[in-house]
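K.L.:
The following block contains the structure, expressed as structure tokens.
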């Protein structure tokens, strides 16, 4: 028998009150920059955390900056 070694999220992010329009995660009590998505694979941005918004903006600026030189 196999054991499930996955650790659960410390803060569940499937609470409807934490999702704006059902797709934008906004939880000021969650300190993670990129929590797991509500559905599917991957991560999303915690828009209540200013550092995660800054990281998202830095990624967007970097993509625009690099695309101008290619």
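Residue numbers (our numbering): 142 to 211. Ideal Cβ placement from N, Cα and C applies to all residues, glycine included.
(1) Quick one: residues in its chain with C-beta nearer than 7 angstroms to the C-beta of residue 159, no 5 flanking neighbours on either side, listed in chain order?
(2) Taking the alpha helix (DSSP H) that residue 193 falls in, what are its first and last residues?
(3) What's the C-alpha gap between residue 207 and residue 195?
(4) Enumerate in chain order the residues of its own chain whose CB-to-CB distance from residue 172 is below 8 angstroms, with the five nearest sequence positions on each side excluded.
(5) In the DSSP output, which residue or residues are listed as bridge partners for residue 187?
P.N.:
A quick look at the data gives this:
(1) 166, 167 and 168
(2) From DSSP, the alpha helix (DSSP H) with residue 193 extends over 191–209.
(3) 18 angstroms
(4) 190
(5) Answer by DSSP bridge pairing, in chain order: 166.
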